[in-house]
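Accompanying notes for the structure given below.
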Amino acid sequence: MEHVELFFKSIFIDNMVFATFLGMCSYLAVSKKVTTAVGLGAAVIFVLAVTVPMNWLLDQYVLRPGALKWLGEEYAAYDLSFLSFILFIATIATMVQLVEIVVEKFAPALYTSLGIFLPLIAVNCAILGGSLFMQSRDIQTLGLAFNYGLSSGIGWFLAILAIAAIREKIRYSNVPAPLRGLGITFIITGLMAIGFMSFGGMLTGGDETTEETDELAKAQVENTVSDSETEVPLAEVSQEINNK
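If you're matching positions, the sequence shown starts at -9 in the working numbering and goes up one per residue.
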């Protein structure tokens, strides 16, 4: 259940684009066509799904205070957390370079259409944000870290795919001249972000209902106890009156 909750929360509630507005440069620049948006979105999914668990391992066994204890007790006092940004970015850059080589080899047309934005995934704040959010939220296991990276990438993919499909359609719409281009794109992005905010209660409604039910049950128990405490003295009083 924890994996399912994290998966849907990362896609819809904590969406990289609509909740934290990370990766907006590539989101706006490569969303003119659905084909290029799909290619870049797939690359982002792959990079996030690989780098987040890899950086989780680095965080757990290298960067945290006392993480080097596995090397020996004399290393337990070392704190390498100041290297987090350097090592995270190095891991991301390595994986992006691998993706760039694969795309250039097997999909040269996509490689040409993506242009400079494919290697710029290395400095895409959504990619680094995934690893930093993983670190700040203290994700406990490697499986959850992989789940978080994959679902965050899917969320970013859905965002750029949705805006690309809309931008292809509005080419044939009568958009006012001052709003054409990035103007209408920002407006649509804001409206989509508001729409995604409605998913905020998707995973909390049941918890709230359970809490309300528990409070009602507790109140009923307290009322029952108080009623039973008052009934005993009344019964004794009525018995004394009857005896007299």
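Quick reminder that beta carbons are idealized off the backbone N, C-alpha and C, glycines included.
Owing to the predicted nature of the structure, the values given are computational and were not obtained by experimental measurement.
Cut-off 6 angstroms between Cβ atoms - residues of its own chain near residue 9, not counting five sequence neighbours on either side: none
Test item: CB-CB of residue 27 and residue 154 under 8 angstroms: yes
Where residue -9 sits in the DSSP three-state scheme: coil
Residue 43 - containing alpha helix (DSSP H), residue span: 24 to 48
When 62, 159, 188 and 186 are compared against residue 174, the one with the closest alpha-carbon: In terms of Cα proximity to residue 174, the closest of 62, 159, 188 and 186 is 159.
As assigned by DSSP and simplified to three states, the class of residue 68: coil
Closest residue to residue 92 among 157, 162 and 29 (Cα-Cα distance): 29
Pairwise C-alpha distance: residue 63 and residue 6: Looking at the two C-alpha atoms, the distance is approximately 40 angstroms.
Residue 150 versus residue 170 - alpha carbon distance: 18 angstroms
With 16 other Cβ atoms within 10 Å as the buried cut-off, status of residue 88: With fewer than 16 Cβ atoms within 10 Å of its Cβ, residue 88 is classed as exposed.
The region 38 to 53 / the region 112 to 122 touching (three or more Cβ pairs under 8 angstroms): yes
Proximity below 8 angstroms, CB of residue 18 to CB of residue 48: no
Where residue 36 falls, given that 16 or more other Cβ within 10 Å makes a residue buried: buried
Helix, strand or coil at residue -2 according to DSSP, with G and I counted as helix: helix
Among 34, -5 and -2, nearest to residue 14 - alpha-carbon criterion: 34
Straight-line Cα distance separating residue 61 from residue 100: 45 angstroms
Residue 199 (DSSP reduced to helix, strand or coil): At residue 199, the pLDDT of 46 sits below 50, so the modelled position is not reliable; the number obtained from the coordinates is stated separately. Residue 199 falls in the helix class under three-state DSSP.
Where residue 12 falls, given that 16 or more other Cβ within 10 Å makes a residue buried: Buried.
Helix, strand or coil at residue 157 [DSSP, three-state]: helix
Status (buried if at least 16 other CB within 10 Å, exposed otherwise) for residue 128: Exposed.
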